[in-house]
Structures are given as C-alpha cells and as structure tokens.
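Heads up, the sequence shown is in UniProt numbering, so the first residue is 1 and it goes up one at a time.
From the three backbone atoms N, C-alpha and C, an ideal C-beta is built for every residue, glycine too.
Owing to the predicted nature of the structure, the values given are computational and were not obtained by experimental measurement.
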Amino acid sequence: MPKVIGLTGGIATGKSTVAELLKIHGFKIVDADVASRKAVEKGSEGLKKVQEVFGDEALTDDGEMDRAYIGQQVFYSDEKRAQLNRIVHPIVSRIMSKERDEYLKEGYNVIMDIPLLFENNLEKTVDEVWLVYASEPIQIDRLMERNDLSIEDAKARIYSQISIDKKSRMADVVIDNLGTKLELKQNLEKILVEKGFIESFDSLSDESSSS
Numbered sequence: 001m002p003k004v005i006g007l008t009g010g011i012a013t014g015k016s017t018v019a020e021l022l023k024i025h026g027f028k029i030v031d032a033d034v035a036s037r038k039a040v041e042k043g044s045e046g047l048k049k050v051q052e053v054f055g056d057e058a059l060t061d062d063g064e065m066d067r068a069y070i071g072q073q074v075f076y077s078d079e080k081r082a083q084l085n086r087i088v089h090p091i092v093s094r095i096m097s098k099e100r101d102e103y104l105k106e107g108y109n110v111i112m113d114i115p116l117l118f119e120n121n122l123e124k125t126v127d128e129v130w131l132v133y134a135s136e137p138i139q140i141d142r143l144m145e146r147n148d149l150s151i152e153d154a155k156a157r158i159y160s161q162i163s164i165d166k167k168s169r170m171a172d173v174v175i176d177n178l179g180t181k182l183e184l185k186q187n188l189e190k191i192l193v194e195k196g197f198i199e200s201f202d203s204l205s206d207e208s209s210s211s
C-alpha cells in the first residue's frame, strides 16, 4: 500500500535537495511552496484577500504578490503571520489534498513537502514525518549566503519556526545534513534501504562520487 510521508525541516536545512533525491527514487512530490504560490497567484481570490488585509503595498506594479514586502511583515510579527496563514492555508490544503489523492490512486508513494508541518500541526495527516536536519549555525550560514541576508534577518526567519532540535525530537525519521551533498545522499539512501523503499544504495552513491 502506498505511503504518505511528510517531509519537513527548517529554513536552509536542505529539504529541497532531499525532495529532488526522493523524486529520483520514484516518489511523487506534493510541494507546499508550489501550492502556496498557486494560492496567491495573480488574479486569484487568495491574492485579493491578501491585498484586503495587508494593503495595496502587498502587490507589485504588475499585480503579483510582493513577496519581499509580505516576508518583512510576517517574519517580524506573529499576528500578521497568523493573518496570512488564515488566508493561505485552507487554499493550499485543498490544492495539496487533490494532488496527493491523484498520486495515491495511481499507486505512488507520496512525499508531502511541508516546511511548516509541525508549526501547523499536520503530523496526523501523514503516515510518517521525515525531517532534514542541519544545526542552527549551519542554517544561519547557509541562509545568509543563499539569500544575501544579514545575520539578524537570517535569525528572524529561523526563529519564526520551531527550533530544528525540537523538530528532530518530534520526527519519526531524521535525515542528517551536517556534511556534504554526497554524505546527505548516502544518509538518505540508507534510510530508504532500512524502510524497504529500495534494495541498495550503491548505484546512486557510485553515480554521485563519479560526478
């Protein structure tokens, strides 16, 4: 019987990389970030509601959601983050549930890629929770480099979520991403073997080491 696995982590822990690796092994990915963008795409009801709550500044000149502006609003205000979530989450849930059900009908194992899985109490909507782990200092360094952020802005984004150490204690499976990309691949493949999703991890590791 196909499984539904919730994949989560923290900002800049490497969750997207793990999702891509899982796709290679035949898992179907239902991405909360993709669904979130659909929920507030240009001309959508979701975007109209965002504009009503956050004002005209929430839109760019061409009618898209101004993500930089909204990001600054919600990362520094629990109240505004809750307001945005009340708009977006129900729409995202409908989009993701439809996609998940279609894949399950086709017999695929499904990864529900949900960054804020624990924050939104979605553990019971999946069979298992897999968490991609990197320490907080690594998160800060990666986020500063990736998004060109100050240390204060990087910390604000990280601290807007449950700490990665607490999440790791709540997860069913922890995928270690403290090292290199090759080590991450090997750590994930070992888990897939232990869980019975693949028979061995030699092929992908050999391919990785030769690339």
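Taking just the CA atoms, how far does Asp31 sit from Gly107?
18 Å
Between the CA atoms of Leu192 and Tyr127 - distance to the nearest angstrom:
Checking the sequence, you will find Asp at residue 127 rather than Tyr. Cα-Cα distance, rounded: 15 Å.
Three-state secondary structure assigned by DSSP to Val4
strand
Given 8 Å, three or more beta-carbon pairs between the segment 36-56 and the segment 163-171:
no
Less than 7 Å between the beta carbons of Gly19 and Asp101, yes or no?
Looking at the sequence shown, residue 19 is not Gly but Ala. Cβ atoms of Ala19 and Asp101: not closer than 7 Å.
Looking only at its own chain, which residues have a Cβ that is under 8 Å from the Cβ of Ser211, when we skip the five neighbours before and after it?
Any reading at Ser211 is ruled out, since the residue's pLDDT is 36, under 50, leaving its predicted position unreliable.
Could you tell me which of Ile175, Asn85, Leu188 and Arg146 sits nearest to Gly9, measuring between CA atoms?
Ile175
Any beta strand (DSSP E) of 3 or more consecutive residues that is wholly inside the segment 18-47
28-31
Which two residues bound the contiguous alpha helix (DSSP H) that contains Tyr103?
Asp78 to Lys105
N-terminal and C-terminal residue of the alpha helix (DSSP H) that Asp165 is part of:
Ile164 to Met170
Using three-state DSSP, classify Tyr133 as helix, strand or coil.
strand
Delimiting residues of the alpha helix (DSSP H) encompassing Val74:
Arg67 to Phe75
Using a 10 Å radius around the Cβ and a threshold of 16 neighbouring Cβ atoms, would you call Pro115 buried or exposed?
buried
Along the beta strand (DSSP E) that carries Ile111, what are the first and last residues, could you check?
Val110 to Asp113
Given Lys155, which residues of its chain have a CB within under 8 Å of its CB, disregarding the five upstream and five downstream residues?
Ile140
What number of angstroms, rounded off, separates the C-alpha of Lys195 from the C-alpha of Val88?
34 Å
Helix, strand or coil: which one does DSSP assign to Leu182?
helix
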